[in-house]
Amino acid sequence: MAFFGSSDKEKNTTKKIRTTVVKTPNVAKELVSLAESNGVNVNSLDFNILDMQTFTRMNEGKKEGDWEEISNDELYELDDTSTLMNKNFQIKQVYEVEIFTKNPDDDKFKNFNVAIGANPSKCKVYLSIKEGSKLEYFKDFEQELTIFINNKKVRAGILINIFDEMLRGTISKLSSKVKVQESLVYEKNSTMLVAESIEPVPTIDDELILHYEEKKEVSEDDKIDHKKRGYIKNVFKDEVLIEYIKPKKGVDGRNCKGQFIAAEEPQETNIPEFNIDDSIIKKDEKDNIKYLAKENGYISFEDNTYFIKTDLDVDSINFKTTGSIQAGVDSEVNMSVKEVDFDKDAVGAGMEVEVTEIDIEGNIGPHSSVFAKKATIGGQTHKTSKVRADDLEINIHKGEAYGKNIRISRLEHGIVDGDIIDVAQAVGGDIRGKEVHIEICGSYVKATSHKLIEIQRLQGKENIFTIDTLLKKDKRQANEKNEKEISTLEVELRDIDKEIEKYSQTIEKNQNSFNDLKKRLIHYKKNGIKMPESFVEKYKQFLKIENHLKNIKEEHQAKQDKLNLLTTKTASFQDNIMDARIINHDKWTGYNKLVFKLVDPPVEIVYEPKEGEEGKIFGLVENEDGEYLVQAFKEM
4 MAFFGSSDKE KNTTKKIRTT VVKTPNVAKE LVSLAESNGV NVNSLDFNIL DMQTFTRMNE
64 GKKEGDWEEI SNDELYELDD TSTLMNKNFQ IKQVYEVEIF TKNPDDDKFK NFNVAIGANP
124 SKCKVYLSIK EGSKLEYFKD FEQELTIFIN NKKVRAGILI NIFDEMLRGT ISKLSSKVKV
184 QESLVYEKNS TMLVAESIEP VPTIDDELIL HYEEKKEVSE DDKIDHKKRG YIKNVFKDEV
244 LIEYIKPKKG VDGRNCKGQF IAAEEPQETN IPEFNIDDSI IKKDEKDNIK YLAKENGYIS
304 FEDNTYFIKT DLDVDSINFK TTGSIQAGVD SEVNMSVKEV DFDKDAVGAG MEVEVTEIDI
364 EGNIGPHSSV FAKKATIGGQ THKTSKVRAD DLEINIHKGE AYGKNIRISR LEHGIVDGDI
424 IDVAQAVGGD IRGKEVHIEI CGSYVKATSH KLIEIQRLQG KENIFTIDTL LKKDKRQANE
484 KNEKEISTLE VELRDIDKEI EKYSQTIEKN QNSFNDLKKR LIHYKKNGIK MPESFVEKYK
544 QFLKIENHLK NIKEEHQAKQ DKLNLLTTKT ASFQDNIMDA RIINHDKWTG YNKLVFKLVD
604 PPVEIVYEPK EGEEGKIFGL VENEDGEYLV QAFKEM
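Numbered per the working numbering, the sequence shown spans residues 4 to 639.
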């Protein structure tokens, strides 16, 4: 918002000027001129409008017409839009003003700190009221406030009695409020619309917007992450890739100074000159042309043609050449990374890769991550790397791997978490899955499964094989929630049991008295005798106790039913644990441990096979005494 004049407090001055009457179309200019010639601060001067004249004329081409005066009674006719929107129509006002030195004691609005402001086109003019401003009611308040605001407008070069139809109503409402309250203090900055003319509609120049280029990676602190500088621009079906904004000439206007605002001719410098193939759809609409992706992938531009690709081949992914590539696992982008030199990383340190499918022939560097639906890694993963894919195959694994179907040629102290896991050779490591299959098991391997751990050849020791039905985080959290609810219900049931016992004893002790009282009340009622109030009150109290006992018994039953359900649910968390198996097709060597984790009761049943033991299939059984044991079976 632009501001006219000054809102600073006027500087006190002892020097006064002689009252001067001038006739001018520019009051502000006369005030400055008179202040300079008299050596005073312009803010020390004020004026009264003695007379105002409004003139209009119509120019014909280069020929200027004569100015004609419009009477104040005819000013409303100037609201005719067709006249105001005629570029040849001109309007001005000339004011006869009396200029004098301000006397703060005579200023009825000295505590009303305001300034005139406007929007950039000056088609909307506001009175900006500063916080702390104060208005006090006095006789002729509305008339004086109108003069005060009009003087502010004239000083700012804004026409008065034109474009300000709203002013009378606004001042009237404000006057009524001040009159009722006697005074009004503005507790915060405020604005009041005091003039509004015809706002022009801006001209729109043509523009070519490359929406796909605007998809920049920004970190949490709003700084550009240079690792994610966008080597490829992934796109999704129906996404707007490019948009051409068609040029459109604006609409003329006229501001509150009376000036005509002509709409400029639009610039047309960005007409699309590129081609597209059938992977991109062109939609020509009234105001724009949109180019949309017909399929998922990434956008490419070659030989002046845009098209969508899904396959991407690179030698390596590193900070220097590509940066991180994050197209998304649903992007349909399939990558091939060709670097096979084991002294180099195919995926460099700190890089993040996210595509639908990826085939990496070499190694994955430290602190790197690969996310995909399907991934193949021909080299080795670093111990600080992370790989996640539904279908995952790794040659040598040292880092973290997550997925559904995971196949690893050699596990070297890495972490594997999935559904069906096949490891050709395990040399240390932590494996967690629904089913775990190990071809050759070395030493220091921790394998945990829902239902099956199978080892073909055991060549090491110090291994721990565990069956845990709460292996997955969601099941573990659900069980913890279930146990917490059970604990709460058990406490509540104990409290209700005590309350039931208390009220049952009260009823039992007073049953004879109650029966006797009941007989008396029936007798009174039958013989038309007025029943004593004390008898009636005791009867009601006893009924209330009985009713309360009934309610808490019903509450007890409801909570007991829920407890039974939750207890059943707890048992369900270890469903099929009796069918779970740990299978070793080889002889047992060294020290190894088999663990079955029960949910209810929450205990671990441990079995330690002896050196050379030939027991191959192990499961959990319950003996006649209700004890759980790990036992060897001859067959599944």
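Ideal Cβ placement from N, Cα and C applies to all residues, glycine included.
Going by CA-CA distance only, name the one from Asp471, Arg391, Asp290 that's closest to Ile207.
-> Closest in alpha carbon position to Ile207, among Asp471, Arg391, Asp290, is Asp290.
Can you tell me which of Ser388, Thr313, Thr59, Phe374 puts its alpha carbon nearest to the alpha carbon of Gly261?
-> Thr59
Rank Val419, Asp346, Glu288 by C-alpha distance to the C-alpha of Ala392 and give the top, closest one.
-> Val419
Write down the C-beta distance between Val644 and Lys137 rounded to the nearest angstrom, noting that I regard them as a contact closer than 8 Å.
-> One cannot answer for residue 644 here, as it falls past the ends of the chain, which runs 4 to 639.
Applying the criterion that 16 or more other CB atoms from any shown protein chain within 10 Å of the CB defines a buried residue, is Gln383 buried or exposed?
-> buried
What span of residues does the alpha helix (DSSP H) with Met581 cover, start to end?
-> Element bounds for Met581: n/a, residue is neither H nor E.
Which residue comes first and which comes last in the alpha helix (DSSP H) that contains Val181?
-> 169-184
Tell whether a beta-carbon distance below 8 Å holds between Val624 and Tyr610.
-> no
How far does the beta strand (DSSP E) with Asn51 in it reach, from first residue to last?
-> 48-61
Boundaries (first-last residue) of the beta strand (DSSP E) holding Phe144 = Run containing Phe144: none in the beta strand (DSSP E); it sits in the alpha helix (DSSP H), 144-158.
Can at least three beta-carbon pairs, one atom from the stretch 466-475 and one from the stretch 438-452, be found at a separation below 8 Å?
-> Under the three-pair Cβ rule at 8 Å, the stretch 466-475 counts as touching the stretch 438-452.
Evaluate Lys325 with the Cβ neighbour count: other Cβ atoms within 10 Å of its Cβ, from every protein chain shown; 16 or more gives buried, anything less gives exposed.
-> The sequence shown places Thr at residue 325, rather than the Lys named in the question. Around the beta carbon of Thr325, a 10 Å sphere encloses 16 or more other beta carbons of the protein chains shown; the residue is thus reported as buried.
Cys444 bridges to which residues according to DSSP?
-> Ala429, Leu461
Helix, strand or coil at Ser124 [DSSP, three-state] = coil
Could you say which of Val606, Pro250, Glu199, Val238 lies nearest to Asn258 if we only look at CA atoms?
-> Glu199
Supposed close pair Thr592, Glu614 - CB separation, criterion 8 Å = 7 Å
Reducing DSSP to helix, strand and coil, say where Ser222 ends up.
-> Here Ser222 scores only 45 on pLDDT, less than 50, and its place in the model is too uncertain to base an answer on.
What did DSSP end up calling Val419 once you bin it into helix, strand or coil?
-> strand
Note the first and the last residue of the continuous alpha helix (DSSP H) segment covering Glu33.
-> 30-41
Keeping to the same chain, check which residues put their C-beta closer than 6 Å to that of Phe263; ignore five residues upstream and five downstream.
-> Excluding sequence neighbours, Phe263 sits near Lys90, Arg257.
Find the nearest neighbour of Asn307 within the set Asn278, Pro604, Val25, judged by alpha-carbon distance.
-> Asn278
Taking the alpha-carbon positions, what's the Asn237 to Val390 distance?
-> 21 Å
C-beta contact flag for Glu210 and Asn273 at 8 Å = yes
When the Cα atoms are used, what is the spatial distance from Gly622 to Val606?
-> 16 Å
Report buried or exposed for Leu48, applying the criterion of at least 16 other Cβ atoms within 10 angstroms of its Cβ.
-> buried
Taking Leu87 as part of the alpha helix (DSSP H), name the residues at either end of that continuous run.
-> 84-87
Give the C-beta separation of Ile20 and Asn41 to the nearest angstrom, bearing in mind that I take them to be a contact with Cβ-Cβ under 8 Å.
-> Ile20 to Asn41, Cβ: 5 Å. Contact.
Using a threshold of 8 Å, state whether the C-beta atoms of Asp589 and Leu461 are closer than that.
-> yes
Looking at the unbroken beta strand (DSSP E) that takes in Val340, where does it start and where does it end?
-> 337-340
Excluding the 5 residues preceding and the 5 following Asn29 in the sequence, name in chain order all residues of the same chain whose CB lies nearer than 8 Å to its CB.
-> Gly160
Who pairs with Lys92 in a beta bridge, going by DSSP?
-> A quick correction: the sequence has Phe, not Lys, at residue 92. DSSP output for Phe92 lists Met61 as bridge partner(s).
Inter-residue Cα distance where the pair is Glu630 and Ile548 | 47 Å
Starting from the C-beta of Ile292, find all residues in its chain whose C-beta is less than 8 Å away, skip the five residues before and the five after it, and write them out in chain order.
-> Glu246, Tyr247, Lys249, Pro275, Lys285, Lys286
Contact check, Thr86 vs Glu72, beta carbons under 8 Å | no
DSSP three-state call for Ile510: helix, strand or coil?
-> helix
Environment of Gln329 [buried if 16+ CB atoms lie within 10 Å] | In this structure Gln329 is buried. Its beta-carbon is surrounded by 16 or more other beta-carbon atoms within 10 angstroms.
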